[in-house]
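Going by numbering that gives the first Met the number 0, the residue at position 20 of the sequence shown is 19; the numbering climbs one at a time, nothing skipped. Think of the CB as a built atom: it goes at the ideal place given N, C-alpha and C, for glycine as much as any other residue. Report on the following structure.
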Amino acid sequence: MASHTFTDIEATLPSNITENFRNIQQMNLRKLAKDAQIHIPKPTTIDLVGGIYCHLCELTYSKKKEYEDHYSKHGSGEKIVYTCVVCHKQHTSYPSLRGHCYTTHVIKCRHKCEY
């Protein structure tokens, strides 16, 4: 029994069938590429509004500990200030900032009509 490769079989097919098959392969490849992009994590609303902005050097941090370590390096002697990355409102505590972000930016965004 002789073995045949795809190119052997392809050579015996009419050109329009071969072309259609290649188009289907290309469509499948494009679909796979598109599907792969869907699984790339996108920032959530909480990620976007939950950051902490340094009002001294304009850097933004996503974690409280990173911000506190950074802020202490300024050596200003000032009390740590937690600044909202969206509206730049300043807070004296991290829980206050988180509450502000949730009630001001997250909840209000949920109720906006998309139509």
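Considering just the uninterrupted stretch of the alpha helix (DSSP H) at residue i, what are its terminal residues?
{"i": "Val81", "result": "The sequence given here has Tyr at residue 81, not Val. First-last for Tyr81: Tyr81 to Cys83, but that is the beta strand (DSSP E), not the alpha helix (DSSP H)."}
With burial defined as no fewer than 16 other Cβ atoms inside 10 Å of the residue's Cβ, what is the status of residue i: buried or exposed?
{"i": "Leu96", "result": "buried"}
{"i": "Thr102", "result": "exposed"}
{"i": "Cys56", "result": "exposed"}
{"i": "Pro94", "result": "exposed"}
{"i": "Thr91", "result": "exposed"}
{"i": "Thr82", "result": "buried"}
{"i": "Gly74", "result": "exposed"}
{"i": "Gly76", "result": "exposed"}
{"i": "Lys41", "result": "Because the pLDDT at Lys41 is just 43, under 50, the model does not fix this residue reliably, and the value given afterwards should be weighed accordingly. With fewer than 16 Cβ atoms within 10 Å of its Cβ, Lys41 is classed as exposed."}
So if DSSP puts residue i in a beta bridge, which residue, or which two residues, is it bridged to?
{"i": "Thr59", "result": "Tyr52"}
{"i": "His90", "result": "Tyr81"}
Measuring CB to CB, does residue i end up less than 8 angstroms from residue j?
{"i": "Val80", "j": "His99", "result": "no"}
{"i": "Val85", "j": "His104", "result": "yes"}
{"i": "Tyr60", "j": "His87", "result": "no"}
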